[in-house]
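Those protein sequence lines, which keep their order, are chains A and P.
Letter by letter, the first sequence follows residues 1 to 138 in full-length UniProt numbering.
Letter by letter, the second sequence follows residues 1 to 362 in full-length UniProt numbering.
The beta carbon of each residue, even a glycine, is placed where N, CA and C say it ideally should be.
Working notes for the structure below.
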Amino acid sequence: MSSEQQGESIRCLVAKVGLDGHDRGAHVIARAFRDAGFEVIYSGLHRAPDEIVQAAVQEDVDVLGISILSGAHDTLVPKIMSGLEEYGAKDDTLVLVGGVVPEEDRENLKAEGVSAIFGPGTSIEETIEFVRENAPER
Amino acid sequence: MTGDETLLEDLLAGEHRALARVISKIENRAPGHRELVSALYAHAGDADVIGVTGSPGAGKSTLVDKLAETYRERGETVGVIAIDPSSPFTGGAVLGDRIRMASTVGDMDVFVRSMSARGTLGGLSTATADAVKAMDAFGKDKIIIETVGAGQNEIDIVRTADTVAVLVPPGSGDDIQTLKAGILEIGDVFVVNKADRDGADRTVQELREMIHLGEGSGFGSGHHGADEITDHHPDWDGPDETDGDTAEVAADWSPPIVETVATTATGIDDLIDEFTAHQTYLVDSGTHAAMARQRYAEEIRTLLREDVHAILEDELDRVGGIDDLADAVRAGETDPYTIADELLEPVEACVSELGTDSAGTE
């Protein structure tokens, strides 16, 4: 790294939304993103969709990674997406969902504007590569 | 209208996303950020800026959260800049302070922004000061800067603030720690947080002794350097010329010690009272004006250094890059001092020619 590192760093919000209380995966991702040179904001557990939207807008993140294991993705994710839209942030935020999402729910999430869904067994490298290639140019 | 002009208008109109975008541009040193910040100055200057520092785990985020909540209850809007370290190896960072700022969640009038120590060479303190300007122009009444309090870098950042609170947790070392140079010297208000824990009384006592020792030696009393220059602060009602002694008395600020338990919001009202008292002192003693002058001087110097630095980088590229020069030194053909002299020679000649020209026209 040069003595005057300038320019953009990819900013990500790693979000835990809803009642699901397992955040080991979110911690692992946050750490891996940090090691990839990204700036990671971690939301903490049990956030409401509004809180996630507020953080994503204020922090002006390029990437929003939502981690859900509880199965409530089909109600919580659309709420987040419409919140982002309200602030004009939906179009240039790369939204990813990680966790347990049944195959039949995936199309719906994509229709909501989610760019990718990473299920169990996805390698960290694959996720990082996807972010590097798809983080929005602003 | 250019994109940046629209962005500025949206920011001034109170759009949160525009504020967020402007801060990103500032952080990225993106093209056009200087013009943006330059335009912000005309709209800034009304916010009270409070710095909160202290060792990791002292409870800074929780305290900032409760401060923001209390200010909101009093009807004031709040901006928070939370600074976290970044990796010196990858540049990556985990910015975790939002987690503890839950009391004001859902209230967009508390605008929390995390920043990492991305740039060096004074870059972070410049970016922080510029981000403060953006929040100030946006119309925030109180701006709180929260830093990790571990090194010199943070001391630069808190200089951006009018009032600096240093958190000292109970049992954070013996009394010699309080004598050491560093972050204790920058405190305008000391906060013994987690005051319900064992050892809090002793920590308060040790701090009191340190402040007492400092009195009369200049440290801890008007250490920002008060003098008689005019203050443009709206609260100031002109110099008190009838009584010179009053000004003398007002020039003394003895840092108070406030005990808090941030998790239960105990002592937060007292702390806010002390902040207000310090702001009043700054304005009445003329210290505020002196600080502003010092701060602007520093900003001008930093910008000049950045610009000259860029000119020199271009010059280095023009002569074929720094690697060849470094190799020449390694091969024993020359040395860094000679190279620096040679490269700067045309710049010096140019500047001194300008000096002669202006002397000739007088």
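- Within chain A, the residues that Met210 (chain P) reaches when beta carbons sit closer than 9 angstroms: Ordered by position in chain A, no residue passes the 9 angstroms Cβ test against Met210 (chain P), which lies about 36 angstroms from the chain.
Rounded C-alpha distance that separates Val101 (chain A) from Glu112 (chain A)
Spanning the two alpha carbons is a distance of roughly 14 angstroms.
- Examine chain P for any beta-carbon lying closer than 8 angstroms to the beta-carbon of Val40 (chain A), and answer yes or no. By this cut-off, Val40 (chain A) is an interface position.
- Query: Does the beta-carbon distance from Lys16 (chain A) to Gly44 (chain A) come in below 8 angstroms?
  - Reply: For the pair Lys16 (chain A) and Gly44 (chain A), the CB atoms are nearer than the 8 angstroms cut-off.
Discussion item. Is there a C-beta anywhere in chain P that falls below 8 angstroms from the one on Glu133 (chain A)?
Written reply: No Cβ of chain P is located within less than 8 angstroms of the beta carbon of Glu133 (chain A).
Using 8 angstroms for Cβ pairs, my map puts Ile99 (chain P) next to Thr128 (chain P). What's the rounded Cβ distance? That belief does not hold up - the Cβ atoms of Ile99 (chain P) and Thr128 (chain P) are roughly 21 angstroms apart, past 8 angstroms.
Within 8 angstroms of any Cβ in chain P, is that where the Cβ of Phe33 (chain A) sits? When Cβ-Cβ separations below 8 angstroms define contact, Phe33 (chain A) makes contact with chain P.
Item to complete: Using a Cβ cut-off of 8 angstroms (strictly closer), state whether Ile83 (chain P) contacts chain A.
Response: No - not a single Cβ of chain A is within 8 angstroms of the one on Ile83 (chain P).
Contact criterion: CB-CB distance below 8 angstroms. Does Gly91 (chain P) meet it with respect to chain A?
Interface residue, yes.
How about Phe111 (chain P) and His16 (chain P): are their beta carbons less than 8 angstroms apart? Yes, the pair counts as a contact, with Cβ atoms nearer than the cut-off.
Could you work out which residues of chain P lie near Ala55 (chain A), taking near to mean beta carbons separated by less than 7 angstroms? Against Ala55 (chain A), the close residues of chain P are Arg98, in the order they occur along the chain (beta-carbon pairs closer than 7 angstroms).
Practice problem: Confirm, please, whether the CB-CB distance from Pro56 (chain P) to Val192 (chain P) is below 8 angstroms. | Solution: Result no, Cβ atoms of Val192 (chain P) and Pro56 (chain P) do not sit closer than 8 angstroms.
_Looking at the strands, I want to know which residues DSSP matches up with Gly99 (chain A)._
Answer is A:Ile68.
ask   = Within 10 angstroms of its Cβ, does Val351 (chain P) collect 16 or more other Cβ (buried), or is it exposed?
value = Burial is judged here by how many other beta carbons sit within 10 angstroms of a residue's own beta carbon; Val351 (chain P) has fewer than 16 and is exposed.
**Prompt:** Taking only runs of the alpha helix (DSSP H) that begin and end inside the UniProt domain "B12-binding" (9 to 138) of chain A, which ones reach a length of at least 4 residues, in chain order?
**Reply:** Listed in chain order, the alpha helix (DSSP H) runs fully inside the UniProt domain "B12-binding" (9 to 138) of chain A are 24 to 35, 49 to 59, 73 to 86, 103 to 112 and 124 to 134, counting runs of at least 4 residues.
task: Taking C-beta pairs closer than 9 angstroms, name the residues in chain A that Met108 (chain P) reaches, listed in chain order.
output: Ordered by position in chain A, the residues that pass the 9 angstroms Cβ test against Met108 (chain P) are Gln54, Val57 and Gln58.
Rounded to whole angstroms, what's the CA-CA distance from Ile257 (chain P) to Gln58 (chain A)? Just pull it up for me.
If you draw a straight line from the Cα of Ile257 (chain P) to the Cα of Gln58 (chain A), it is about 33 angstroms long.
Query raised in the report: If you count every other CB in all the chains shown that lies within 10 Å of the CB of Arg113 (chain P), and 16 or more means buried, which is it?
Result: Burial is judged here by how many other beta carbons sit within 10 angstroms of a residue's own beta carbon; Arg113 (chain P) has at least 16 and is buried.
Using the beta-carbon of each residue, which ones in chain A are nearer than 8 angstroms to Ala20 (chain P)? Neighbours of Ala20 (chain P) on chain A, chain order: Val57, Gln58, Glu59 and Asp60.
Inset, instruction - Under the assumption that Ala30 (chain A) contacts Val94 (chain P) (Cβ atoms under 8 angstroms), give the Cβ distance between them as a whole number of angstroms. - result: Contact flag correct, Cβ pair sits at about 6 angstroms.
Checklist entry - Can you list, in chain order, the residues of its chain whose CB lies under 7 angstroms from that of Val37 (chain P), leaving out five sequence neighbours each side? => result Here Val37 (chain P) has Ile26, Asp130 and Lys133 as same chain residues with Cβ atoms under 7 angstroms from its own Cβ, once five neighbours each way along the sequence are excluded.
Margin query: As an exercise, report each continuous alpha helix (DSSP H) stretch of at least 4 residues that is fully enclosed by the segment 280 to 321 of chain P, in chain order.
Written below: For the alpha helix (DSSP H) assignment, the uninterrupted runs of no fewer than 4 residues enclosed by the segment 280 to 321 of chain P are, from N- to C-terminal side, 287 to 318.
Between Ala68 (chain P) and Val52 (chain P), which are expected to be in contact by the criterion C-beta below 8 angstroms, what is the C-beta distance as a whole number of angstroms?
Separation of the CB atoms of Ala68 (chain P) and Val52 (chain P) is rounded to 11 angstroms, and the pair is thereby denied contact status at 8 angstroms.
query: When you compare each of P:Ser87, P:Gly91 and P:Thr338 to Glu8 (chain A) by their alpha carbons, which one comes out closest?
result: If you compare the alpha carbons of P:Ser87, P:Gly91 and P:Thr338 with that of Glu8 (chain A), the shortest gap goes to P:Gly91.
For Arg113 (chain P), write down the residues that DSSP places opposite it in a beta bridge. DSSP, once it has assigned bridges, lists P:Ile81 as partnering Arg113 (chain P).
Ala117 (chain P) versus A:Ile52, A:Gly37 and A:Ala26, residue with shortest Cα-Cα distance:
Minimum Cα distance to Ala117 (chain P) is reached at A:Gly37.
contact_flag[the segment 48 to 63 of chain A, the segment 102 to 111 of chain P] where n(CB pairs < 8 angstroms) is 3 or more
Look at the beta carbons and you see the segment 48 to 63 of chain A touching the segment 102 to 111 of chain P: at least three pairs across the two are nearer than 8 angstroms.
At a Cβ threshold of 8 angstroms, is Phe275 (chain P) touching chain A?
With a threshold of 8 angstroms between beta carbons, Phe275 (chain P) makes no contact with chain A.
At least one CB of chain P closer than 8 angstroms to the CB of Glu51 (chain A): is that the case? So yes, Glu51 (chain A) belongs to the interface.
Are Asp188 (chain P) and Thr163 (chain P) close, meaning C-beta to C-beta below 8 angstroms?
-> Cβ distance < 8 angstroms, so Asp188 (chain P) and Thr163 (chain P) count as in contact.
* Asked: Does the Cβ of Val158 (chain P) lie closer than 7 angstroms to at least one heavy atom of the ligand ATP?
  -> Inclusion of the ligand ATP in the displayed structure is not the case, the ligand content being empty and no account of it being possible.
query = Across which residues does DSSP place Asp48 (chain P) in a beta bridge pair?
reply = Listed as beta-bridge partners of Asp48 (chain P) by DSSP are P:Lys142.
Taking the continuous beta strand (DSSP E) assigned at Thr163 (chain P), which residues delimit it? Thr163 to Leu167 is the span of the beta strand (DSSP E), which, as asked, contains Thr163 (chain P).
Original post:
Over what stretch of residues does the alpha helix (DSSP H) that includes Glu333 (chain P) continue unbroken?
Top reply: Where Glu333 (chain P) is concerned, there is no enclosing alpha helix (DSSP H), given that its DSSP letter is neither H nor E.
Beta-carbon proximity check, Gly14 (chain P) vs Gly139 (chain P), cutoff 8 angstroms: Yes, the Cβ-Cβ distance between Gly14 (chain P) and Gly139 (chain P) is below 8 angstroms.
Neighbour list for Ala89 (chain A) in chain P, Cβ cutoff strictly below 8 angstroms
Using a Cβ-Cβ cut-off of 8 angstroms, Ala89 (chain A) is close to Arg17 of chain P, given in chain order.
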